[in-house]
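Adding 1 to a residue's 1-based position in the sequence shown gives its number in this note's numbering. Ideal Cβ positions, reconstructed from N, Cα and C, are used throughout, including at glycine. Just so we're clear, the structure is a prediction, and the values are computed from it rather than from any experiment.
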Amino acid sequence: GIDLEILREFYDVPVERLIRSLIGMETELVKKQFADFVQRYPKLTANQTLFLNLLQNHIAKYGSVELERLYEPPFTSINSNGLDGAFTDEKQVSDLLAIIKTFQLPGNKETESA
2 GIDLEILREF YDVPVERLIR SLIGMETELV KKQFADFVQR YPKLTANQTL
52 FLNLLQNHIA KYGSVELERL YEPPFTSINS NGLDGAFTDE KQVSDLLAII
102 KTFQLPGNKE TESA
């Protein structure tokens, strides 16, 4: 078997974060977190919807997403400016970042400073 203490020492990350990165998250739980956003903004463009789908799939697969990834492929395939290009409304960006933070675990410096 795998010794979690050895993994913790080797990777220097919280065990919950390590496990979540290995097995991802339940797709329905991820979709539920984004449901309010979609209802709040019913006039999302096709590109915004595609971006949200990519984001949800990424979180379901990897358990979370680092903010810098939102400005890299595959997110830049929707708009070359990533999140900021797909969502130009500051309130929408703020709401999305709040949702993304709900998937972060303590110790993720990338999102704690955002």
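Below 8 Å, can you find three or more Cβ-Cβ pairs linking the segment 74-91 to the segment 35-55? yes
Taking the alpha-carbon of residue 102 as reference, which of 82, 60, 79, 51 has the nearest alpha-carbon? 60
Whose C-alpha, out of 38, 78, 29, is nearest the C-alpha of residue 92? 38
Taking residue 64 as the reference, give the member of 72, 34, 83 with the closest Cα. 34
Nonlocal neighbours in the same chain, by C-beta distance under 6 Å from residue 71, ignoring five residues either side: 83, 84
Could you check which residue in 28, 29, 50, 104 has the C-alpha nearest to that of residue 67? 104
Start and end residues, alpha helix (DSSP H) containing residue 46: Here residue 46 belongs to no alpha helix (DSSP H), and DSSP marks it neither H nor E.
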